[in-house]
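Read the structure below first, then the notes.
In this note's numbering, the protein residues as written are 11 to 314.
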(Lines of atoms letter the chains of each structure in order from A; the text may use other names.)
(Lines give C-alpha, C1' and ligand atoms only; values in the text may rest on other atoms or scores of the structure.)
Protein backbone atom coordinates (compact mmCIF):
# COMPACT_ATOMS: atom_id res chain seq x y z
CA UNK A 11 0.00 0.00 0.00
CA UNK A 12 1.26 3.47 -0.77
CA UNK A 13 2.33 5.47 2.27
CA UNK A 14 1.68 9.13 1.43
CA UNK A 15 2.50 11.86 3.92
CA UNK A 16 -0.23 11.91 6.54
CA UNK A 17 -0.58 15.70 6.31
CA UNK A 18 -1.55 15.46 2.64
CA UNK A 19 -5.32 15.03 2.12
CA UNK A 20 -6.44 11.76 0.60
CA UNK A 21 -8.83 13.71 -1.61
CA UNK A 22 -8.99 17.46 -2.09
CA UNK A 23 -11.32 19.43 -4.38
CA UNK A 24 -11.16 23.22 -4.67
CA UNK A 25 -13.76 25.22 -6.58
CA UNK A 26 -14.66 22.16 -8.63
CA UNK A 27 -17.31 22.74 -11.30
CA UNK A 28 -18.56 20.84 -14.33
CA UNK A 29 -20.90 22.20 -16.96
CA UNK A 30 -22.47 20.16 -19.76
CA UNK A 31 -23.75 22.65 -22.29
CA UNK A 32 -26.12 24.88 -20.32
CA UNK A 33 -26.44 22.43 -17.43
CA UNK A 34 -24.38 22.86 -14.28
CA UNK A 35 -23.75 19.33 -12.98
CA UNK A 36 -21.35 20.39 -10.21
CA UNK A 37 -20.98 23.96 -8.96
CA UNK A 38 -17.99 25.36 -7.01
CA UNK A 39 -17.49 22.25 -4.88
CA UNK A 40 -14.71 22.29 -2.29
CA UNK A 41 -14.01 19.49 0.19
CA UNK A 42 -11.16 17.62 1.84
CA UNK A 43 -11.01 13.97 2.92
CA UNK A 44 -8.28 13.15 5.43
CA UNK A 45 -6.19 9.96 5.36
CA UNK A 46 -8.00 7.23 7.27
CA UNK A 47 -11.33 9.09 7.20
CA UNK A 48 -14.62 7.54 6.08
CA UNK A 49 -16.44 10.35 4.30
CA UNK A 50 -20.04 9.99 3.13
CA UNK A 51 -21.16 11.81 0.00
CA UNK A 52 -24.94 12.09 0.05
CA UNK A 53 -27.40 13.02 -2.64
CA UNK A 54 -30.18 11.60 -4.80
CA UNK A 55 -29.68 10.44 -8.35
CA UNK A 56 -28.83 13.43 -10.50
CA UNK A 57 -27.34 15.51 -7.68
CA UNK A 58 -23.85 15.37 -9.21
CA UNK A 59 -22.21 12.70 -7.07
CA UNK A 60 -21.01 10.49 -9.93
CA UNK A 61 -19.86 13.50 -11.94
CA UNK A 62 -17.76 14.60 -8.98
CA UNK A 63 -16.28 11.13 -8.67
CA UNK A 64 -15.49 10.93 -12.38
CA UNK A 65 -13.55 14.19 -12.08
CA UNK A 66 -11.72 12.82 -9.03
CA UNK A 67 -10.79 9.74 -11.08
CA UNK A 68 -9.53 11.84 -13.97
CA UNK A 69 -12.24 10.54 -16.27
CA UNK A 70 -13.78 13.98 -16.72
CA UNK A 71 -12.00 17.29 -17.08
CA UNK A 72 -13.41 19.96 -14.72
CA UNK A 73 -14.81 23.11 -16.26
CA UNK A 74 -13.18 25.01 -13.39
CA UNK A 75 -11.36 24.09 -10.21
CA UNK A 76 -8.96 21.35 -9.22
CA UNK A 77 -9.08 17.92 -7.61
CA UNK A 78 -6.14 15.96 -6.20
CA UNK A 79 -5.49 12.49 -4.79
CA UNK A 80 -2.78 12.65 -2.14
CA UNK A 81 -1.45 15.81 -3.73
CA UNK A 82 -1.41 14.36 -7.26
CA UNK A 83 -3.63 16.04 -9.83
CA UNK A 84 -6.48 13.71 -10.78
CA UNK A 85 -5.71 14.40 -14.43
CA UNK A 86 -2.38 12.58 -13.91
CA UNK A 87 -4.28 9.29 -14.00
CA UNK A 88 -1.28 6.98 -13.98
CA UNK A 89 0.16 8.45 -10.75
CA UNK A 90 -3.13 9.17 -9.00
CA UNK A 91 -4.52 5.68 -9.58
CA UNK A 92 -1.50 4.10 -7.91
CA UNK A 93 -3.07 5.22 -4.65
CA UNK A 94 -6.75 4.47 -5.13
CA UNK A 95 -9.23 1.71 -5.85
CA UNK A 96 -12.65 2.37 -7.34
CA UNK A 97 -16.01 0.57 -7.24
CA UNK A 98 -18.64 1.97 -9.62
CA UNK A 99 -22.39 1.86 -9.13
CA UNK A 100 -22.87 -0.51 -12.05
CA UNK A 101 -20.01 -2.98 -12.36
CA UNK A 102 -19.14 -4.35 -15.80
CA UNK A 103 -16.87 -7.39 -15.94
CA UNK A 104 -15.23 -9.36 -18.73
CA UNK A 105 -18.07 -11.78 -19.61
CA UNK A 106 -15.91 -14.71 -20.75
CA UNK A 107 -13.68 -14.64 -17.66
CA UNK A 108 -14.46 -16.34 -14.38
CA UNK A 109 -14.83 -14.32 -11.23
CA UNK A 110 -11.40 -15.51 -10.10
CA UNK A 111 -9.83 -14.46 -13.39
CA UNK A 112 -11.46 -11.03 -13.04
CA UNK A 113 -10.05 -10.71 -9.52
CA UNK A 114 -6.57 -11.70 -10.72
CA UNK A 115 -6.73 -9.22 -13.58
CA UNK A 116 -7.82 -6.41 -11.27
CA UNK A 117 -5.06 -7.30 -8.81
CA UNK A 118 -2.51 -7.05 -11.61
CA UNK A 119 -3.37 -3.45 -12.47
CA UNK A 120 -3.90 -2.07 -8.96
CA UNK A 121 -1.58 -0.82 -6.23
CA UNK A 122 -1.11 -4.28 -4.72
CA UNK A 123 -3.41 -6.91 -3.24
CA UNK A 124 -3.43 -8.91 -0.01
CA UNK A 125 -4.19 -12.32 -1.47
CA UNK A 126 -4.94 -13.94 1.88
CA UNK A 127 -7.43 -11.23 2.79
CA UNK A 128 -8.94 -11.49 -0.69
CA UNK A 129 -9.56 -15.22 -0.21
CA UNK A 130 -11.23 -14.43 3.12
CA UNK A 131 -13.43 -11.80 1.46
CA UNK A 132 -14.52 -14.24 -1.25
CA UNK A 133 -15.85 -16.47 1.52
CA UNK A 134 -17.42 -13.66 3.50
CA UNK A 135 -19.25 -12.28 0.49
CA UNK A 136 -20.37 -15.79 -0.56
CA UNK A 137 -18.92 -15.29 -4.03
CA UNK A 138 -18.52 -18.27 -6.36
CA UNK A 139 -15.28 -17.33 -8.18
CA UNK A 140 -15.42 -20.25 -10.62
CA UNK A 141 -18.48 -19.02 -12.52
CA UNK A 142 -18.21 -17.00 -15.71
CA UNK A 143 -18.89 -13.32 -15.24
CA UNK A 144 -21.65 -13.45 -17.85
CA UNK A 145 -23.68 -15.62 -15.46
CA UNK A 146 -23.37 -13.22 -12.52
CA UNK A 147 -26.30 -11.22 -11.21
CA UNK A 148 -25.90 -7.50 -10.51
CA UNK A 149 -25.17 -8.29 -6.89
CA UNK A 150 -22.48 -10.83 -7.73
CA UNK A 151 -20.76 -8.46 -10.14
CA UNK A 152 -20.78 -5.92 -7.33
CA UNK A 153 -19.23 -8.48 -5.00
CA UNK A 154 -16.31 -9.04 -7.39
CA UNK A 155 -15.56 -5.31 -7.47
CA UNK A 156 -15.91 -4.94 -3.71
CA UNK A 157 -13.65 -7.91 -2.97
CA UNK A 158 -11.03 -6.56 -5.39
CA UNK A 159 -11.19 -3.06 -3.86
CA UNK A 160 -11.17 -4.07 -0.20
CA UNK A 161 -8.28 -6.51 -0.76
CA UNK A 162 -6.18 -3.82 -2.38
CA UNK A 163 -3.51 -1.84 -0.60
CA UNK A 164 -4.75 1.45 -2.05
CA UNK A 165 -4.62 4.39 0.35
CA UNK A 166 -8.00 5.67 -0.90
CA UNK A 167 -11.13 3.68 -1.70
CA UNK A 168 -13.64 5.51 -3.91
CA UNK A 169 -17.01 3.77 -3.71
CA UNK A 170 -19.88 5.05 -5.85
CA UNK A 171 -23.23 3.56 -4.72
CA UNK A 172 -21.34 0.32 -4.02
CA UNK A 173 -24.04 -1.82 -2.41
CA UNK A 174 -26.62 -1.88 -5.20
CA UNK A 175 -27.85 -5.43 -5.61
CA UNK A 176 -26.52 -6.67 -2.28
CA UNK A 177 -28.82 -8.37 0.20
CA UNK A 178 -28.90 -7.23 3.87
CA UNK A 179 -26.43 -9.89 5.00
CA UNK A 180 -23.90 -8.77 2.40
CA UNK A 181 -24.51 -5.13 3.33
CA UNK A 182 -23.48 -6.05 6.86
CA UNK A 183 -20.23 -7.54 5.53
CA UNK A 184 -19.70 -4.40 3.49
CA UNK A 185 -19.96 -2.26 6.62
CA UNK A 186 -17.51 -4.52 8.44
CA UNK A 187 -15.05 -4.16 5.56
CA UNK A 188 -15.34 -0.37 5.72
CA UNK A 189 -14.43 -0.48 9.41
CA UNK A 190 -11.47 -2.77 8.66
CA UNK A 191 -10.23 -0.45 5.90
CA UNK A 192 -10.41 2.56 8.23
CA UNK A 193 -8.56 0.61 10.93
CA UNK A 194 -5.76 -0.02 8.42
CA UNK A 195 -5.54 3.72 7.76
CA UNK A 196 -7.22 3.69 4.36
CA UNK A 197 -9.44 6.62 3.48
CA UNK A 198 -12.90 5.88 2.12
CA UNK A 199 -14.99 8.21 -0.03
CA UNK A 200 -18.47 6.65 -0.06
CA UNK A 201 -21.11 8.05 -2.38
CA UNK A 202 -24.58 6.87 -1.48
CA UNK A 203 -28.26 7.65 -1.20
CA UNK A 204 -28.72 4.85 1.36
CA UNK A 205 -28.74 6.94 4.48
CA UNK A 206 -28.67 4.11 7.00
CA UNK A 207 -25.51 2.86 5.30
CA UNK A 208 -23.80 6.23 5.57
CA UNK A 209 -24.94 6.75 9.15
CA UNK A 210 -23.50 3.35 10.11
CA UNK A 211 -19.99 3.77 8.68
CA UNK A 212 -19.11 7.43 8.10
CA UNK A 213 -17.50 9.91 10.46
CA UNK A 214 -18.34 12.93 8.30
CA UNK A 215 -20.80 13.58 5.53
CA UNK A 216 -21.30 16.05 2.72
CA UNK A 217 -24.76 16.68 1.29
CA UNK A 218 -25.00 17.53 -2.39
CA UNK A 219 -28.06 19.32 -3.78
CA UNK A 220 -28.36 20.11 -7.48
CA UNK A 221 -24.59 20.04 -7.86
CA UNK A 222 -23.92 22.24 -4.83
CA UNK A 223 -22.44 21.10 -1.55
CA UNK A 224 -24.93 22.43 1.00
CA UNK A 225 -23.26 21.05 4.13
CA UNK A 226 -20.14 19.23 5.30
CA UNK A 227 -20.13 18.18 8.95
CA UNK A 228 -19.94 15.31 11.38
CA UNK A 229 -23.13 13.37 11.97
CA UNK A 230 -23.60 14.82 15.45
CA UNK A 231 -23.18 18.37 14.16
CA UNK A 232 -25.71 17.76 11.43
CA UNK A 233 -28.25 16.56 13.96
CA UNK A 234 -27.73 19.66 16.09
CA UNK A 235 -28.61 21.80 13.10
CA UNK A 236 -32.06 20.27 12.97
CA UNK A 237 -35.06 19.75 15.14
CA UNK A 238 -35.87 17.26 17.83
CA UNK A 239 -39.40 16.08 18.43
CA UNK A 240 -40.55 16.36 22.06
CA UNK A 241 -43.66 14.63 23.43
CA UNK A 242 -44.71 15.03 27.08
CA UNK A 243 -47.64 13.26 28.75
CA UNK A 244 -48.79 15.04 31.92
CA UNK A 245 -50.37 13.56 35.02
CA UNK A 246 -52.67 16.62 35.14
CA UNK A 247 -53.18 19.77 33.07
CA UNK A 248 -50.41 22.33 33.61
CA UNK A 249 -51.48 25.91 32.74
CA UNK A 250 -47.89 27.12 33.18
CA UNK A 251 -46.87 25.20 30.05
CA UNK A 252 -49.00 27.45 27.87
CA UNK A 253 -45.93 29.67 27.69
CA UNK A 254 -43.87 27.03 25.89
CA UNK A 255 -44.47 28.71 22.55
CA UNK A 256 -42.43 31.72 23.72
CA UNK A 257 -39.33 29.70 24.56
CA UNK A 258 -36.32 29.82 22.22
CA UNK A 259 -36.22 27.07 19.60
CA UNK A 260 -39.82 25.93 20.06
CA UNK A 261 -41.88 25.55 16.88
CA UNK A 262 -45.02 23.69 15.89
CA UNK A 263 -46.43 23.53 19.44
CA UNK A 264 -49.41 21.16 19.62
CA UNK A 265 -51.85 20.15 22.39
CA UNK A 266 -53.64 16.97 21.23
CA UNK A 267 -55.27 16.88 24.68
CA UNK A 268 -55.03 18.92 27.92
CA UNK A 269 -52.49 16.40 29.26
CA UNK A 270 -50.35 15.86 26.15
CA UNK A 271 -48.03 18.41 24.55
CA UNK A 272 -45.99 17.94 21.39
CA UNK A 273 -43.45 20.34 19.92
CA UNK A 274 -40.50 20.65 17.59
CA UNK A 275 -37.28 21.99 19.06
CA UNK A 276 -34.15 23.42 17.49
CA UNK A 277 -31.09 24.37 19.47
CA UNK A 278 -30.36 23.66 23.14
CA UNK A 279 -33.18 21.84 25.00
CA UNK A 280 -32.49 23.43 28.40
CA UNK A 281 -35.31 26.04 28.50
CA UNK A 282 -37.95 23.50 27.47
CA UNK A 283 -36.71 20.87 29.92
CA UNK A 284 -36.72 23.40 32.78
CA UNK A 285 -40.30 24.37 31.95
CA UNK A 286 -41.35 20.71 31.86
CA UNK A 287 -39.59 20.11 35.17
CA UNK A 288 -42.11 22.44 36.83
CA UNK A 289 -45.02 20.34 35.53
CA UNK A 290 -46.16 16.89 36.62
CA UNK A 291 -44.76 14.96 33.64
CA UNK A 292 -45.73 11.30 33.57
CA UNK A 293 -43.81 10.43 30.40
CA UNK A 294 -41.30 12.33 28.28
CA UNK A 295 -39.98 11.38 24.88
CA UNK A 296 -37.29 13.30 22.99
CA UNK A 297 -36.53 11.91 19.57
CA UNK A 298 -33.56 13.02 17.48
CA UNK A 299 -34.11 13.10 13.74
CA UNK A 300 -32.65 10.30 11.68
CA UNK A 301 -30.08 11.05 9.01
CA UNK A 302 -32.84 10.46 6.46
CA UNK A 303 -34.95 13.22 7.98
CA UNK A 304 -31.97 15.57 7.99
CA UNK A 305 -31.32 14.73 4.37
CA UNK A 306 -34.96 15.32 3.39
CA UNK A 307 -34.96 18.61 5.29
CA UNK A 308 -32.10 19.85 3.11
CA UNK A 309 -33.85 18.85 -0.07
CA UNK A 310 -37.11 20.38 1.10
CA UNK A 311 -35.61 23.83 1.51
CA UNK A 312 -36.14 25.97 -1.55
CA UNK A 313 -33.02 27.73 -2.65
CA UNK A 314 -30.76 25.83 -0.28
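Each residue gets a CB set at the ideal place from its N, CA and C atoms; glycine is no exception. Given the structure is predicted, the values throughout are model-derived calculations rather than measurements.
{"Query": "Cut-off 6 Å between Cβ atoms - residues of its own chain near residue 212, not counting five sequence neighbours on either side", "Result": "48 and 50"}
{"Query": "Three CB pairs or more closer than 8 Å across the stretch 243-250 and the stretch 221-234", "Result": "no"}
{"Query": "With 16 other Cβ atoms within 10 Å as the buried cut-off, status of residue 123", "Result": "buried"}
{"Query": "Residues that DSSP places opposite residue 217 in a beta bridge", "Result": "52 and 225"}
{"Query": "Backbone CA spacing between residue 73 and residue 91 [nearest angstrom]", "Result": "21 Å"}
{"Query": "Backbone CA spacing between residue 141 and residue 109 [nearest angstrom]", "Result": "6 Å"}
{"Query": "Straight-line Cα distance separating residue 280 from residue 295", "Result": "15 Å"}
{"Query": "Cutoff 6 Å; reference residue 351; Cβ partners in own chain excluding five residues on either side", "Result": "In this structure the chain extends from 11 to 314, so residue 351 is not present and cannot be described."}
{"Query": "Of the listed residues 255, 84 and 157, nearest to residue 24 (C-alpha basis)", "Result": "84"}
{"Query": "Entirely enclosed beta strand (DSSP E) segments - the stretch 68-129, minimum 3 residues", "Result": "74-79 and 94-97"}
{"Query": "Continuous beta strand (DSSP E) stretch holding residue 286: start and end", "Result": "Where residue 286 is concerned, there is no enclosing beta strand (DSSP E), although the alpha helix (DSSP H) it sits in stretches over 280-287."}
{"Query": "C-alpha distance - residue 192 paired with residue 300, whole-angstrom precision", "Result": "24 Å"}
{"Query": "Supposed close pair residue 298, residue 238 - CB separation, criterion 8 Å", "Result": "6 Å"}
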